[in-house]
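Some notes on the structure that comes next.
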Amino acid sequence: MVESENTADNSRLWSTGKTLVCLCAAALLSVKGLAESPKPEAKKPTPPAIAMVLPLGVETGSRQKLTLRGLNVTNATTVRLTGLTPTLTAEIKERGAAPKIDGFESKRVGDQRLEVELSLPANTPAGTNLALVVVSPDGDSKPFPLLVAAAGRLIGEQEPNNGFREAGALDFGKTVRGALETLTDVDVFRCELQAGQTLRAEVVAERLGATLDATLSLYDAQGRLLTSNDDAQGSGRDPLLDFKVPSAGRYLLAVSGVTEKAGATSVYLLTVTTTP
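What follows is the structure, given as structure tokens:
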């Protein structure tokens, strides 16, 4: 039987209506799904981080100025010194951008700085038992180790000391604050030793955030290399050497850099001791 024209039209309309209803339902479900999808979480603030503290080391019993280089540190409300009872705080004197260090990314050396002052009691134990923490509305930094020395123990290197003829005298009771500020810079020190003594020389640099990758080399009075060390086991990239002296006389100790990088953060602490 042939359908009437009206019946065919009604069928087409019904089919079209069903299609439109399905499309509308799918659209509504899609909109509902978008509305119910979880909103992205707000980005959490980044807490401060200390990259290094300059100069390396502080002495007890006096007020000292320090520069903290790091990330997100200029929002600091307090700089706290942990490891003492009661806990001490450093006075924030200035804050701002830190000078760029060629060859190093900001996440390594920091792009912000805090200038602070602090005083340590005269009876503060020597060593690295203390740490600095930057406190800010975005959180607290991880504790950063601070090397403490007795009053009068830290001394600056005396330039020029770039060669054997210019070698500076070592004082076995002191720790030298040194720096290799150019690619060709080498710091040389001289000392008089007795046969049978053991010389122990140690550099602390990377362990306190400095960018210097140092090497220690020991020479005799004629400039002949006796021993050297680059990376001591358990000390990261910091060198340590022990040497039993074969004969009495003058010896020369050189601190040099391994990589072709230098600058204001290529600093170190050198401590030399002897035992019978």
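Heads up: the sequence shown at position 68 corresponds to 67 in numbering that gives the first Met the number 0, and the numbers run straight through without jumps. All residues carry an ideal CB built from backbone N, CA and C; glycine is no exception.
Should residue i go down as buried or exposed, given a rule of 16 or more other Cβ atoms within 10 Å for buried?
i      : result
Val133 : buried
Ser135 : buried
Gln157 : exposed
Ser140 : buried
Arg164 : exposed
Gly151 : exposed
Val175 : buried
Gly256 : buried
Thr59  : buried
Asp212 : buried
Asn160 : buried
Ala261 : buried
Gly177 : buried
Leu28  : Its pLDDT being 44, under 50, Leu28 is placed unreliably by the model, and nothing is read from it.
Ala253 : buried
Ala96  : exposed
Ala25  : With a pLDDT of only 48 at Ala25, under the threshold of 50, the placement of this residue in the model should not be trusted; the figure read from the coordinates follows. So Ala25 ends up on the exposed side.
Thr274 : exposed
Phe171 : exposed
Asp101 : exposed
Going by DSSP, what residue range makes up the beta strand (DSSP E) through residue i?
i      : result
Ser135 : 126 to 135
Arg176 : 174 to 178
Ser255 : 248 to 256
Asn228 : 224 to 228
Pro85  : No beta strand (DSSP E) holds Pro85; DSSP gives it neither H nor E.
Ile100 : Ile100 -> no beta strand (DSSP E), and no H or E assigned at all.
Ala80  : According to the sequence shown, residue 80 is Leu rather than Ala. Segment 77 to 81, the beta strand (DSSP E) holding Leu80.
Arg62  : 62 to 70
Gly214 : Residue 214 is actually Thr in this sequence, not Gly. Counting along the chain, the beta strand (DSSP E) containing Thr214 begins and ends at 213 to 219.
Pro238 : Unbroken run through Pro238: none, as it is neither H nor E.
Glu205 : Element bounds for Glu205: n/a, residue is neither H nor E.
Arg189 : 186 to 192
Gly262 : Premise fails: Gly262 is in no beta strand (DSSP E) and is neither H nor E.
Leu285 : Past the edges of the chain, shown from 0 to 275, lies residue 285, and the structure says nothing about it.
If I'm right that residue i touches residue j with Cβ under 8 angstroms, what's the distance once you round it to whole angstroms?
i      : j      : result
Thr210 : Ser265 : 6 angstroms
Cys190 : Leu169 : 4 angstroms
Leu192 : Val244 : 5 angstroms
Leu207 : Pro144 : 7 angstroms
Leu240 : Thr226 : 6 angstroms
Ala200 : Leu146 : Their Cβ separation, rounded to whole angstroms, is 17 angstroms, which puts Ala200 and Leu146 out of contact at 8 angstroms.
Arg62  : Glu116 : 6 angstroms
Ala204 : Tyr267 : 4 angstroms
Leu119 : Val185 : That pair is no contact at about 33 angstroms.
Gly82  : Asn128 : 5 angstroms
Ala125 : Ala148 : 6 angstroms
Arg107 : Ala48  : Contact doesn't hold; Cβ gap of about 11 angstroms is too wide.
Which stretch, first to last residue, makes up the alpha helix (DSSP H) that contains residue i?
i      : result
Arg112 : It is not in any alpha helix (DSSP H) - Arg112 instead sits in the beta strand (DSSP E) that spans 111 to 118.
Lys106 : 105 to 108
Open item on the list: I want to know whether the region 241 to 254 touches the region 219 to 228 - three or more CB-CB distances under 8 angstroms.
Closed with: yes
Task: Three or more C-beta pairs below 8 angstroms linking the region 84 to 104 and the region 39 to 48 - done: no
Open item on the list: Within 8 angstroms, do at least three Cβ pairs link the region 51 to 71 to the region 113 to 133?
Closed with: yes
Open item on the list: Quick check: the region 110 to 121 against the region 69 to 80, are at least 3 beta-carbon pairs closer than 8 angstroms?
Closed with: Of all C-beta pairs linking the region 69 to 80 to the region 110 to 121, three or more are shorter than 8 angstroms, placing the two stretches in contact.
Task: 3-residue-minimum beta strand (DSSP E) runs that sit fully inside the region 133 to 159, ordered along the chain - done: 143 to 148, 153 to 155
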